[in-house]
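Chemist:
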Amino acid sequence: MTNDKISEILDRPLSQEMLARDICRLAYVAKDGTPRNIPIAFAWNGRQAVMCTSKNAPKLASLRQNPAVAITIDTEVHPPTILLVRGTVELDEVDGIPVEYLEMNGSYGMTAEQRVAWEAEVRSLYDGMVRIVMTPTWAKLIDFDTTLPSAVEELVQQRAERQQKREDDPVRSGGTTGSSRS
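If you're matching positions, the sequence shown starts at 205 in our numbering and goes up one per residue.
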């Protein structure tokens, strides 16, 4: 997928709404070769998804071994809106708390007092973190109105072809077969 196509998808208003959320599901391959899919807070910086974790998180060894990942951001309503993004990650160890970590937790329902207490707790716990920075290489927005999962798109196309064949078949469409009885 080209960078222009990825940008076109991610710049859509509905995609921007999804990228403004706080939680995604990060999929990666663990060191033992089995898949993992974890909820994780993220922040979108306009071109990359940034997630943060502790320096001792087990997922870091896996991501160093295989930086290919996917994230899913979706809604909990019917029909859902789903943003699927694949990409590669770079790991950036930083001292202190990355600004993205503080931003990505901004939509939780905390009072100002709770926010101050939470931030103090975070700062006392972590002397540094690792930024997991994902650069997209593929993206798809599914809204079940203008876009569908590819397998469903295929089924819709097959149904349309079947309906067209029925319409083109004179016997099924109620037309004559060309022979007449006297």
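All residues carry an ideal CB built from backbone N, CA and C; glycine is no exception.
#1: Closest to Pro353 by CA distance: which of Val337, Thr292, Pro284 is it?
#2: Would you kindly work out how many angstroms separate the C-alpha atoms of Ala321 and Thr315, rounded to a whole number?
#3: Comparing C-alpha positions only, which one of Ala355, Ala343, Leu359, Arg370 sits nearest to Thr206?
#4: Are there three or more Cβ pairs, one per stretch, closer than 8 Å when the segment 318–333 is compared with the segment 269–282?
#5: At which residue ranges does the segment 293–375 contain complete beta strand (DSSP E) runs of 3 or more residues, listed in the order of the chain?
#6: Could you give the distance in angstroms between the alpha-carbon of Thr350 and the alpha-carbon of Val273?
#7: So, helix, strand or coil for Pro262, using DSSP?
#8: Straight-line CA distance for Ile227 to Met338?
#9: Give me, in chain order, the residues of the same chain whose beta-carbon lies closer than 7 Å to that of Val326; leave out the 5 immediate sequence neighbours on both sides.
#10: Output yes or no for whether 8 Å exceeds the beta carbon distance between Val293 and Pro262.
#11: Output the distance between the C-alpha atoms of Thr181 and Ile210, rounded to the nearest integer angstrom.
#12: Could you give the DSSP three-state label for Arg225: helix, strand or coil?
#13: Given a threshold of 16 other Cβ atoms within 10 Å of its Cβ, counted over all protein chains shown, does Lys369 qualify as buried or as exposed?
#14: Can you tell me whether Arg268 is helix, strand or coil according to DSSP?
#15: Assuming Leu230 and Arg268 make a contact with CB atoms under 8 Å, what is their CB distance in whole Å?
Modeler: Looking at the coordinates:
#1: Pro284
#2: 10 Å
#3: Ala343
#4: no
#5: 332–346
#6: 26 Å
#7: coil
#8: 14 Å
#9: Ile301
#10: no
#11: There is no way to answer for residue 181, as the model of the chain reaches only from 205 to 386.
#12: coil
#13: exposed
#14: helix
#15: Not a contact, Cβ separation roughly 15 Å.
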